[in-house]
Amino acid sequence: ISRFSLVQELRQALLAGELTMHYQPIVELTSTRVVGFEALMRWHHPVQGWIPPNVFIPLAEQSELILALGAFALPEAIAAASAWRVSEGSTRAPYVTVNFSAHQFHNSGLIAMIEVELLTNGLDPERLVIEITDSVALLDANETMNTLSHFRQIGVGSALDDFGTGFSSLSYLALLNPTIIKIDQTFVSPKHETEHNSTLLEAIISLGHKLNTTVLAEGI
Ligand code: G
Ligand code: MN
11 ISRFSLVQEL
21 RQALLAGELT
31 MHYQPIVELT
41 STRVVGFEAL
51 MRWHHPVQGW
61 IPPNVFIPLA
71 EQSELILALG
81 AFALPEAIAA
91 ASAWRVSEGS
101 TRAPYVTVNF
111 SAHQFHNSGL
121 IAMIEVELLT
131 NGLDPERLVI
141 EITDSVALLD
151 ANETMNTLSH
161 FRQIGVGSAL
171 DDFGTGFSSL
181 SYLALLNPTI
191 IKIDQTFVSP
201 KHETEHNSTL
211 LEAIISLGHK
221 LNTTVLAEGI
């Protein structure tokens, strides 16, 4: 199937309800409690079956289509989270993290859109975390810093995704001051375990703690 027809089909898929959000648990290791969920988009194609997001998201990112996907994902995730309750032994209901692509993130109506969705669904802003990768964050560093401080003002959290794979400027990390740093899976479960690797991990973790940021390991 060609890329072109896949894009056409993706457009239709959104209307046909073939796209759904799945929620992957985030576990606090000290308590083994589920403290949140990452909202991940899934495409079930009627003929080809499941198409992974690392195939269709980059395709969508090449056009305005990513905005339509985002306009679907955010309200879905917020509505889902608003139905989650505090579980036994826990003090707060789980948060939801939503992935944002560059095109969505650098959109002037972003904060207003988030606030409307939170209000409509009655979700506490503290229970929403927006995920961006450092390649997105660094695209326009000043603007990103502004947006993240806006999030902070309205009580919404931010997560730096795939940390360690991009530029990962350390001084910049301190300025952005994200709520969560998500250490990329390649650092957490390297193909070849080396001394070097655990040194890097320790450095990222201690940096995160000094910045008062939650450090999260991807894919364990
Ligand atoms: O589920 P999986 O880890 O394979 O997802 C891979 C990546 O696909 C995620 O880390 C994220 O970058 C991207 N992705 C998944 N769902 C969404 C979504 O709703 N919006 C955006 N922009 N990216 C997503
Ligand atoms: Mn992510």
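In terms of our numbering, the sequence shown opens at residue 11 and continues consecutively. We put the beta carbon where it would ideally sit given N, CA and C, even for glycine.
- The shortest CA-to-CA distance from N131 to any of F47, R43 and A87 is the one to A87.
- Cα atoms of V146 and A89: separation of roughly 26 Å, rounded to the nearest angstrom.
- Boundaries cannot be given for P135, as no alpha helix (DSSP H) includes it and DSSP labels it neither H nor E.
- Your pair L170 and I142 checks out as a contact, with CB atoms roughly 7 Å apart and the cut at 8 Å.
- Here DSSP, grouped into helix, strand and coil, assigns L158 to helix.
- Excluding five sequence positions before and after H55, the CB atoms of its chain that fall closer than 6 Å to its own CB belong to I61, given in chain order.
- Under DSSP, K192 forms a beta bridge with L226.
- Using a Cβ distance threshold of 7 Å, F173 and K192 count as a contacting pair.
- For T107, no alpha helix (DSSP H) run applies; the uninterrupted beta strand (DSSP E) run containing it begins and ends at Y105 to N109, by DSSP.
- CA-CA distance, L128 to A83, rounds to 13 Å.
- Runs of the alpha helix (DSSP H) spanning 4 or more residues and lying entirely within the stretch 62-124 occur at 63-71, 75-92 and 112-115, in chain order.
- In the structure shown, G218 adopts helical secondary structure according to DSSP, grouped into three states.
- Listed in chain order, the non-local C-beta contacts of L77 below 8 Å within the same chain comprise H113, Q114 and N117, local neighbours out to five positions each way being set aside.
- Looking only at S73, G229, T40 and V225, the smallest Cα-Cα distance to S199 is reached by G229.
- T40 has its alpha-carbon roughly 15 Å from the corresponding atom of T101.
- When DSSP reads this structure, S168 sits in a beta bridge with I140.
- Within 10 angstroms of the beta-carbon of R137 lie 16 or more other beta-carbons, which makes it buried.
- Relative to the ligand G, M123 has its C-beta separated by 6 Å or more from all heavy atoms.
- When T196, T204, I67 and Y182 are compared, the shortest CA-CA separation from A227 is found for T196.
- At least one heavy atom of the ligand G lies less than 6 Å from the C-beta of S111.
- Taken through DSSP and simplified to helix, strand or coil, Q34 comes out as strand.
- Looking at the backbone, the Cα of I214 and that of T157 are separated by about 24 Å.
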